[in-house]
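Structure, as structure tokens:
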Amino acid sequence: MFARLVYESFRRQKRRKLLAGVAITLGVGVATAMIAVATDIGNKINRELRSYGANLMVSPQEDTLDVEIGGVNLKPPSDGAYLNEADLPRIKGMFWRNNIVGFAPMLPANVNVSAGSGTKSLTLLGTYFSKQLRFGKEDFVTGVRATHPWWKVRGAWPDDNSQDVLLGERLATKLNRRPGEQIEISGQSHRIAGILSTGGAEDDQIVAPIALAQQILGKPGAVRRIYVSALTKPEDALARRDPKSMNPEVFDRWYCSPYVQSIAYQLQETIPHSHAEQIRQVAQNEGTVLARITGLMLLVTLAALFASALAVSAAMATAIFERRSEVGLMKALGAGNASVAALFFTEATLLALIGGVVGFAGGALLARQIGRSIFDSKITIQPVLFPVILAIAVIVTFAGSAAAIRRAVKFDPVYALRGEA
Amino acid sequence: MSSLPPQPSAVNEGPASRRSAVPHTSMFLRMLLRAAVLRRGRAASALLAMVVAAAVATAMLNLYVDVQAKLRKEFRNYGANVVVVAKDGQALPADALRIAESTLAGRGLAAPFAYVVARTSDGKSVVVSGTDFDQVRKLDRWWSVTAWPLAPQDALIGVRAAAVVSPQGKAFDLSFRGHGVHLNPAGTLQTGAAEDSRVYVPLGDFEAWTGVQPSTIEIAASGSPEEVSDMIQKLAQALPGAEVRPVRQIVEGEARVLGKTRATLLSAAILIILTAALCVLSTLIGWVFDRRRDFAIMKALGASERLIGGFFAAEAAALGIVGAVIGFAIGIGAAAWIGRVNFHAPVVPRFSVFPAILVGSVAVALISAVLPMSLLRRVQPAMILRGE
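For the protein sequence lines, the chains are S and P, in the order given. In terms of this note's numbering, the first sequence opens at residue 72 and continues consecutively. In terms of this note's numbering, the second sequence opens at residue 138 and continues consecutively.
What follows is the structure, encoded as structure tokens:
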């Protein structure tokens with residue numbers, strides 16, 4: 072009898088059930104989409120923040136002091152220590168390898184370029200553009216195009232295995248050269264693949280594949296610095312502690328968190344005789360910006376949850392309030408308060424479950440769409456969210472119905488049947 | 138709640154001619170008011186839905202408009218987004234900093250930098266920079282400094298430079314073109330970049346020692362990308378001898394992150410406002426539907442459909458206006474709270490969003506009133522009055 076009552080109620084009152092069901096579906100959909108976006112926004116913004124460039128720099132441990140003003144190196148070329156290029160692919164073998172967005176080695180060399188009548192002393196910067204590397208069985212591509220996304224090239228990026236070069240924008244204007252022309256660097260002729268614009272010191276330099284710089288310096292396999300762009304977790308009290316003073320348990324926790332400090336520590340372990348350090352301008356600000364944006368989205372998600380909870384309870388209250396005469400009839404026929412309430416709660420649960428499932432699917436699609444249109448990558452929904460969302464849907468629907476059901480049950484059947492509600 | 142209000146005698150009395158002379162408006166208003174007072178519970182729940190929806194919409198719109206300014210402030214912590222450099226090895230004109238500051242007119246920070254390569258007492262080269270520490274402190278907040286120099290002849294030493302010039306933290310001598318200077322290490326500086334290999338001294342001391350003028354001014358200009366590029370043009374005009382260029386790394390990173398955040402917030406705002414509107418819609422539909430008996434009685438007493446439609450519409454509009462005003466006030470408060478919690482600065486109320494909220498609230502209320510009306514119109518009043 073009870074099952075039949077529920078069934079008939081759904082069959083005969085399609086419009087009302089549809090209205091409440093739509094409200095629940097939309098509410099759950101919005102809540103799902105917002106929770107999915109809020110839980111993933113940290114990752115997404117973290118990746119966007121990588122457009123500020125590398126947040127770690129690796130230099131030789133026994134390095135002498137840099138003597139550099141405005142990007143012009145004033146140090147004698149023989150001076151200073153080097154890292155070994157052969158160690159670079161090992162970065163992809165360290166613990167937080169999947170958090171490494173990219174890395175680019177740098178090797179500056181002083182060169183002479185014939186300009187008009189005389190020669191000009193310039194800096195040639197050797198690096199990776201988008202170099203194919205291999206670690207173990209894994210192939211990957213890295214270079215300045217990943218670590219320095221604001222570098223723009225008119226013409227084409229040179230191939231990493233070629234002898235072609237990029238000319239800094241201001242230098243190109245000074246020398247009056249265009250892409251495709253030749254330039255004589257320290258006695259050898261090279262093709263200019265493109266004109267590089269960075270808004271920094273590189274605008275006055277020549278940028279070339281690292282092999283060319285090594286050849287000019289006569290130091291095969293030498294690297295002066297490595298810029299590493301890594302996804303990191305905002306700094307907290309644990310991050311700032313000195314790893315030497317930690318006990319093994321704390322150290323493990325520190326080592327296994329993607330703090331910029333622990334990634335620097337691992338880089339030092341990975342690359343022999345190196346010193347890795349965070350670039351504070353990028354690394355420090357990243358944390359605050361990330362915290363602000365994720366905090367904002369969290370609060371907005373709370374607002375969304377609040378609004379959808381309200382929408383669901385409003386719809387439920389309306390649906391139940393409209394059925395007072397039905398309640399009156401049931402009570403007049405001898406139904407107790409408990410069985411009336413049970414009927415309504417069963418209906419509410421059914422509605423919540425159906426609306427919850429459909430809403431979850433819709434919300435997942437919506438989150439995906441938001442991810443694709445804004446961040447060009449999809450937002451993944453944790454499957455664990457499904458039971459949580461469903462439980463929330465049922466609870467909110469219950470809570471929304473409770474007050475209305477209580478009022479409906481309390482109502483005197485005589486008035487309800489006379490239609491004087 | 139169970140019976141209709143007693144009919145006011147003034148209207149019932151008198152002949153038909155007199156009745157028509159009584160202005161309809163007073164009756165209309167009275168019905169509106171009585172409906173709200175008598176059905177307090179239902180009216181209150183409809184109003185509550187309206188207020189919440191308007192408040193949520195206000196808070197979201199306010200946040201959306203203001204978040205840009207709030208986040209830009211955070212992005213300014215990345216430091217200079219504009220640099221002024223001397224053309225080809227020359228020094229900047231002596232009054233360049235003053236000109237730059239007057240061009241900025243308080244809408245940003247400017248810090249001068251002068252550089253030379255000096256020699257330590259044992260003949261090693263080190264880059265020494267003269268700057269204004271007060272400005273640098275505000276401009277380059279990521280500098281990790283143990284103690285800022287306060288007295289003249291105090292120097293701030295990069296961690297890598299410290300190992301060379303003053304390994305034990307003692308006072309040291311530097312020389313440039315035969316002129317010596319004696320400096321006290323006040324603190325060390327760590328940035329992870331080129332600054333670590335330099336020694337920073339107050340600009341006054343630096344100029345007295347080397348005679349070299351600043352060659353670079355780093356500027357953090359605040360405002361939108363348009364305002365910043367406007368500022369670059371103004372600076373270029375004011376300083377014809379110098380090159381003014383944006384720091385692309387900072388400018389482009391900011392535009393990217395800000396754009397994505399705004400887009401996400403916008404889609405969130407749309408979703409939330411839609412949900413809130415839905416909440417109002419279902420509550421108000423219920424409210425109007427619930428009053429089908431009033432509708433039937435009015436119709437039975439000879440009211441035209443237009444009059445009844447107008448009555449329900451006026452009721453909905455009044456609800457929308459009241460809800461919008463209260464909701465706006467609450468929403469402003471909510472936005473200010475979110476601003477304080479998240480950005481440690483309240484979100485400035487934007488009264489420009491009020492018309493949008495008002496129009497939106499009234500529109501949603503009218504839609505929710507009109508939808509059930511079209512359903513009710515098809516029903517005979519007798520059926521409703523009979524309770525079917």
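Don't be surprised by glycine CBs; every beta carbon is placed ideally from N, CA and C.
{"Item": "CB contact flag (S:Val411, S:Ala479, <9 Å)", "Value": "yes"}
{"Item": "Below-9 Å beta-carbon distance, P:Arg477 vs any chain S residue", "Value": "no"}
{"Item": "Any chain S beta carbon closer than 9 Å to P:Met164", "Value": "no"}
{"Item": "Reference P:Thr195, options P:Arg443, P:Ala472 and P:Val417, closest by Cα", "Value": "P:Ala472"}
{"Item": "Three-state class that DSSP yields for S:Arg351 in the structure shown", "Value": "helix"}
{"Item": "Proximity of S:Asp275 and S:Thr194 at Cβ, strictly below 9 Å", "Value": "yes"}
{"Item": "P:Met520 at chain S interface by Cβ criterion, 9 Å", "Value": "no"}
{"Item": "Min CB distance P:Ser281 to chain S below 9 Å", "Value": "yes"}
{"Item": "Per-residue contacts from S:Ala385 into chain P (C-beta, under 7 Å)", "Value": "Ala186, Cys416, Ser419 and Thr420"}
{"Item": "Residues within the region 190-204 of chain P neighbouring chain S, beta-carbon criterion of under 8 Å", "Value": "Ala190, Val193, Ala196, Met197, Leu200 and Val204"}
{"Item": "Cβ neighbour criterion (16 or more within 10 Å) applied to P:Arg335", "Value": "buried"}
{"Item": "Of the listed residues S:Lys191, S:Ser268 and S:Asp210, nearest to S:Leu246 (C-alpha basis)", "Value": "S:Lys191"}
{"Item": "Per-residue contacts from P:Glu389 into chain S (C-beta, under 7 Å)", "Value": "Ser122 and Trp221"}
{"Item": "Contact check, S:Arg351 vs P:Trp280, beta carbons under 9 Å", "Value": "yes"}
{"Item": "Stretch-stretch touch, CB-based, cutoff 8 Å, three pairs: the region 166-173 of chain S with the region 295-302 of chain S", "Value": "yes"}
{"Item": "Residues of its chain near P:Asp310, where Cβ-Cβ distance is below 8 Å and the 5 sequence neighbours each way are ignored", "Value": "Thr257, Ser258, Gly317, Val318, His319 and Leu320"}
{"Item": "Beta-carbon proximity of P:Asp104 to S:Glu393, cut-off 9 Å", "Value": "In the structure as shown, chain P starts at 138 and stops at 525, and residue 104 of chain P therefore has no counterpart that could be examined."}
{"Item": "S:Gly263 versus S:Leu288: straight-line alpha-carbon distance, rounded", "Value": "Contrary to the premise, residue 263 of chain S reads as Ile rather than Gly in this sequence. Between S:Ile263 and S:Leu288, the C-alpha separation is close to 20 Å."}
{"Item": "Three-state secondary structure (DSSP) of P:Glu150", "Value": "Residue confidence is low: P:Glu150 scores 44 on pLDDT, short of 50, so the model does not pin down where it sits. Its coordinate-derived value is still stated next. Coil at P:Glu150, not helix or strand."}
{"Item": "Cβ of S:Ser379 within 9 Å of any chain P Cβ", "Value": "yes"}
{"Item": "Alpha helix (DSSP H) segment containing S:Ile277, residue limits", "Value": "No alpha helix (DSSP H) contains S:Ile277, which is instead part of the beta strand (DSSP E) from Ile277 to Pro280."}
{"Item": "Where S:Gly141 meets chain C, residues with beta-carbon distance less than 8 Å", "Value": "This model lacks chain C altogether, as its protein chains are S and P."}
{"Item": "Cβ distance (whole Å) where P:Pro486 is taken to contact P:Ile469 below 8 Å", "Value": "5 Å"}
{"Item": "3-residue-minimum beta strand (DSSP E) runs that sit fully inside the region 235-281 of chain P, ordered along the chain", "Value": "245-257 and 262-268"}
{"Item": "Chain P contact residues for S:Val108, given Cβ-Cβ distances below 9 Å", "Value": "Thr401, Ser404 and Ala405"}
{"Item": "Contact with chain P by S:Thr244, beta-carbon distance below 9 Å", "Value": "no"}
{"Item": "Per DSSP, cross-strand counterpart(s) of S:Gln203", "Value": "S:Val212"}
{"Item": "Nearest residue (CA-CA) to P:Ala323, options P:Val301, P:Trp285, P:Phe313 and P:Ile354", "Value": "P:Trp285"}
{"Item": "Distance, S:Leu361 Cα to P:Arg515 Cα", "Value": "57 Å"}
{"Item": "Closest residue to P:Val265 among P:Glu238, P:Val188 and P:Val349 (Cα-Cα distance)", "Value": "P:Val349"}
{"Item": "Residue(s) in a DSSP beta bridge with S:Val143", "Value": "S:Ile140"}
{"Item": "Cβ of S:Ala493 within 9 Å of any chain P Cβ", "Value": "What is shown of chain S runs 72 to 492, which leaves residue 493 of chain S out entirely."}
{"Item": "Cutoff 9 Å: P:Gln327 Cβ touching any chain S Cβ", "Value": "yes"}
{"Item": "CB contact below 9 Å: S:Thr269 versus chain P", "Value": "yes"}
{"Item": "Positions along the region 353-375 of chain P whose CB lies within less than 8 Å of some CB in chain S", "Value": "Thr353"}
{"Item": "Cβ contact (3+ pairs, closer than 8 Å) linking the region 165-173 of chain P and the region 378-388 of chain P", "Value": "no"}
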